[in-house]
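There are 2 protein chains.
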Amino acid sequence: MQNTEPLRRLNISEAVADTVRAMIVDGRLGPGERINEVRLSEALGVSRTPLREALSRLASEGALSATPAIGYSVRPLTVEEFEQVYAIRPLLDPEALRLAGLPSAAGLAKLEALNRRFIEAQDAETAITLDDDWHRALIAACPNKVLLEMIDAMILRTRRYEVALMRETPNRRVAGEDHERIMAALRAGDLPEACAALKHNMQTGFDPVVAWLTARAEAGAAA
Amino acid sequence: MQNTEPLRRLNISEAVADTVRAMIVDGRLGPGERINEVRLSEALGVSRTPLREALSRLASEGALSATPAIGYSVRPLTVEEFEQVYAIRPLLDPEALRLAGLPSAAGLAKLEALNRRFIEAQDAETAITLDDDWHRALIAACPNKVLLEMIDAMILRTRRYEVALMRETPNRRVAGEDHERIMAALRAGDLPEACAALKHNMQTGFDPVVAWLTARAEAGAAA
DNA sequence: CGACTCCATATTGTATACAGTATGCAAAAC
DNA sequence: GTTTTGCATACTGTATACAATATGGAGTCG
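Respectively, the protein sequence lines represent chains A and B. Residue numbering for the first sequence follows our numbering, starting at 9 and increasing by one per position. Residue numbering for the second sequence follows our numbering, starting at 9 and increasing by one per position.
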């Protein structure tokens, strides 16, 4: 007998997709970088066929861009696109929280623990991961799975830029206070207030990233 | 010198993805149907490699589901998922309209023409296409392209079920009146009112589809 | 000295071949 | 008659081979 959960796990192209996605998200493949299929497939120890299927998936997710007869390259997120993604999350996240309802005591404790670890995290990558996890845990009980998938896709899409900013200006005070305000409303049983605070967090929390990206774009177009 | 726009369109796997997507959307490949890669690749006149890349894309879009060692099958949309998708559109479409702003005279004329053709359309498929086009035209001026892409993806995802319903109960009066109410607000220069009417349209316009799907699911689980 | 052309090389796009696994039928056991 | 077991077949998963196109540099012309 096998476990009921990960019954089947033999899917190279899916595993490759996860690996390459991770390489993009954490910067081992930089924005704009071209993918050499032969080299990458050898590095991953697979042939080009499953790699290309993985690349095809990633292109349709928006992580890569495909140019005929030239190949795949890591799709750089422009400032505009970053702003556009973050103009959408204030619409989705608060609704997800509203549908999720007030958290259980255990759920609240988990949120508090994640936020503590977020504030105390040493490196930028861990901090962003914990921030993302906090937001996911906040809305995990939402029954609308499609909505959760969409939010998750947006988190992945913007992650590497948040990490980049956090490296340069590792200020976690504002985000931590936003989280605290939301949790306070949840503790008080005031769901609408929590949604409003979340919306505010989504609307303003990423202004520093946008500002940083803008400055960077103006400073060196060559970079 | 090259054109700035789409200079060449030689991409078999992308063309195949479009073709198969169309086959799914218009029902030539029914919900739950399994994909035989050899037969389908022969029918399309290509080999399995580009077909599989296309299938991989479609799986990541949610149109197909992939089971290891078994293959791809057309992903049936459950009633729950349909409801979830349509719980999201009232969040997105009104915001897109708000960002798009009031339409030009030409834009308004186009909307009116599309709505007339929608009401008068003979077959279900044409009607739904025109309805989709109307909604796309309504928000085409929205500068947030990410938002437009997300809405477009959701339209494609639900299309075949709308067509199926329209075939059985071809009532276009309610939708036509909803459209008319939105256009009236736009003519009057009242953008907030138009957004509110659009939100209402999105919240209630698909109740018949949900009701129909629910009845169908209860009636014959075998189908 | 700069720009252009042409060719060798590298890389992508597609097809085919092979291996591993599921599927369905037939025969046998209970 | 029902269930089980084994096998032949079909199909998917992956690797490899081949064709078409882009890329970069050397040589040449203005």
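Cβ atoms here follow ideal geometry from the backbone N, Cα and C, with glycine treated the same way.
Please state whether DSSP places L72 (chain A) in a helix, a strand or coil. Residue 72 (chain A) sits at position 64 when you count from the first residue of the first sequence. In this structure, L72 (chain A) counts as strand in the three-state DSSP scheme.
Inter-residue Cα distance where the pair is M162 (chain B) and R168 (chain A): Here residue 162 (chain B) is taken as the residue at index 154 of the second sequence, counted from 1. Here residue 168 (chain A) is taken as the residue at index 160 of the first sequence, counted from 1. If I take the Cα positions, the gap works out to 26 Å.
Inter-residue spacing [alpha-carbon to alpha-carbon] between L146 (chain A) and D101 (chain A): The residue given as residue 146 (chain A) occupies position 138 in the first sequence. The residue given as residue 101 (chain A) occupies position 93 in the first sequence. Between L146 (chain A) and D101 (chain A), the C-alpha separation is close to 9 Å.
Who are the Cβ neighbours of G70 (chain B) in its own chain at under 7 Å, not counting the five residues just before and after it? As a working mapping, residue 70 (chain B) is identified with position 62 in the second sequence. Excluding positions up to five away in sequence, the list reads R83 and R165.
Interface flag, P76 (chain A) vs chain B, CB-CB below 7 Å: On the first sequence, position 68 is the one that residue 76 (chain A) refers to. So, interface residue.
Buried or exposed, going by whether 16 or more other CB atoms sit within 10 Å of the CB of G40 (chain A)? What you label residue 40 (chain A) is simply residue 32 of the first sequence in a count that begins at 1. When all chains shown are included, G40 (chain A) counts as exposed.
Which value, in whole angstroms, describes the spacing of the CA atoms of G213 (chain B) and A135 (chain B)? By 1-based counting over the second sequence, the position of residue 213 (chain B) is 205. By 1-based counting over the second sequence, the position of residue 135 (chain B) is 127. Roughly 15 Å between the two C-alpha positions.
Outcome for V24 (chain A) when other beta-carbon atoms lying within 10 angstroms are tallied against a minimum of 16: Residue 24 (chain A) sits at position 16 when you count from the first residue of the first sequence. Buried, since its Cβ has 16 or more Cβ neighbours within 10 Å.
Judging by CA-CA distance, which residue of B:M31, B:T222, B:P151 and B:A132 is the nearest neighbour of M174 (chain B)? Numbered from 1 along the second sequence, position 166 holds the residue referred to as residue 174 (chain B). Of B:M31, B:T222, B:P151 and B:A132, the residue nearest in Cα terms is B:A132.
From the DSSP output, in three-state form, read off S112 (chain A) for me. Taking the first residue of the first sequence as position 1, residue 112 (chain A) is located at position 104. The answer is coil: DSSP assigns S112 (chain A) none of H, G, I, E or B.
Selection from B:V28, B:D34 and B:L194 that minimises the alpha carbon distance to A117 (chain B): Within the second sequence, residue 117 (chain B) is the residue found at index 109, counting from 1. Among B:V28, B:D34 and B:L194, the Cα nearest to that of A117 (chain B) is on B:L194.
Here's a check: name, in chain order, each residue in its chain whose Cβ is nearer than 8 Å to the Cβ of M210 (chain A), leaving out the five neighbours to either side. One-based indexing of the first sequence puts residue 210 (chain A) at position 202. Same-chain partners within the cutoff: Y94, R97, P98, D101 and P102.
Option in A:G35, A:T86 and A:E61 with minimal Cα separation from A74 (chain B): Working through the second sequence from its first residue, we reach residue 74 (chain B) at position 66. The residue with the shortest Cα to Cα distance from A74 (chain B) is A:E61.
By a C-beta neighbour count over all protein chains shown, 10 Å radius and 16 as the cutoff for buried, is A104 (chain B) buried or exposed? The sequence position of residue 104 (chain B) within the second sequence is 96, counting from 1. Answer is buried; the Cβ neighbour count reaches 16.
Going by Cα to Cα distance, which pick from B:A149, B:E170 and B:T86 is closest to L110 (chain B)? Here residue 110 (chain B) corresponds to residue number 102 of the second sequence, with the count starting at 1. When each option's Cα is compared against that of L110 (chain B), the closest is B:A149.
Entirely enclosed alpha helix (DSSP H) segments - the region 124-192 of chain B, minimum 4 residues: 132-146 and 153-176
Could you give the uninterrupted runs of the beta strand (DSSP E) lying entirely in the region 27-76 of chain B, keeping only those of 3 residues or more? 72-75
Could you tell me the boundaries of the alpha helix (DSSP H) in which N209 (chain A) lies? Your numbering for residue 209 (chain A) matches position 201 in the first sequence. Looking at the DSSP string, the run of the alpha helix (DSSP H) that includes N209 (chain A) is L199 to T212.
By the DSSP assignment, the alpha helix (DSSP H) with T222 (chain A) in it spans what residues? For the purposes of this step, residue 222 (chain A) is identified with residue 214 of the first sequence, where counting begins at 1. Its alpha helix (DSSP H) spans residues D215 to A227.
Nearest candidate by alpha-carbon position, reference G184 (chain A), set A:G197, A:W220, A:R124 and A:I32: Mapped onto the first sequence, residue 184 (chain A) falls at position 176. Nearest of A:G197, A:W220, A:R124 and A:I32 to G184 (chain A), Cα basis: A:R124.
Which residue's Cα is closest to the Cα of T179 (chain B): B:G35, B:D139 and B:R29? In the second sequence, residue 179 (chain B) corresponds to position 171, counting from 1. Note on identity: in this sequence residue 179 (chain B) is Asn, with Thr being the wrong assignment. Of the listed residues, the one whose Cα sits closest to N179 (chain B) is B:D139.
In angstroms with no decimal places, state the Cα-to-Cα distance between D34 (chain B) and R181 (chain B). One-based indexing of the second sequence puts residue 34 (chain B) at position 26. One-based indexing of the second sequence puts residue 181 (chain B) at position 173. Rounded to the nearest angstrom, the two C-alpha atoms are 23 Å apart.
For Q92 (chain A), count the other beta carbons within 10 Å of its own beta carbon; 16 or more makes it buried, fewer makes it exposed. Which is it? The count along the first sequence starts at 1 and reaches residue 92 (chain A) at position 84. So Q92 (chain A) ends up on the buried side.
Quick check on the burial criterion: 16 or more other C-beta atoms within 10 angstroms. Buried or exposed for S46 (chain A)? In the first sequence, the residue the question calls residue 46 (chain A) occupies position 38. The question names Ser, yet the displayed sequence has Val at residue 46 (chain A). Result: exposed.
Taking a cut of 9 Å between CB atoms, which residues from the region 143-155 of chain B lie near chain A? P151, N152, K153, V154 and L155
Between S64 (chain B) and S21 (chain A), how many whole angstroms is the CB-CB distance? I'm expecting something under 8 Å. Counted from its first residue, the second sequence places residue 64 (chain B) at position 56. Counted from its first residue, the first sequence places residue 21 (chain A) at position 13. Their Cβ separation, rounded to whole angstroms, is 7 Å, which keeps S64 (chain B) and S21 (chain A) in contact under 8 Å.
Reference G53 (chain B); option with closest CA among B:A108, B:V28 and B:I159: Translated into positions along the second sequence, residue 53 (chain B) becomes position 45. Among B:A108, B:V28 and B:I159, the Cα nearest to that of G53 (chain B) belongs to B:V28.
Check whether the Cβ atoms of S68 (chain A) and S68 (chain B) lie closer than 7 Å to each other. Residue 68 (chain A) sits at position 60 when you count from the first residue of the first sequence. Residue 68 (chain B) sits at position 60 when you count from the first residue of the second sequence. Yes, the Cβ-Cβ distance between S68 (chain A) and S68 (chain B) is below 7 Å.
Can you list, in chain order, the residues of its chain with a C-beta nearer than 6 Å to that of E226 (chain A)? Leave out the 5 residues immediately preceding and following it. Your numbering for residue 226 (chain A) matches position 218 in the first sequence. Hits under 6 Å: none found.
Leaving out five residues before and five after L199 (chain B) in sequence, what residues of the same chain have Cβ atoms less than 6 Å from its Cβ? As a position in the second sequence, residue 199 (chain B) is number 191, starting the count at 1. Counting only Cβ-Cβ distances below 6 Å, and skipping sequence neighbours, we find L110.
Residues near K207 (chain B) in its chain [Cβ-Cβ closer than 7 Å; skip 5 each side]: Residue mapping note: residue 207 (chain B) aligns to position 199 of the second sequence, counting from 1. Cβ within range, chain order: P98 and P102.
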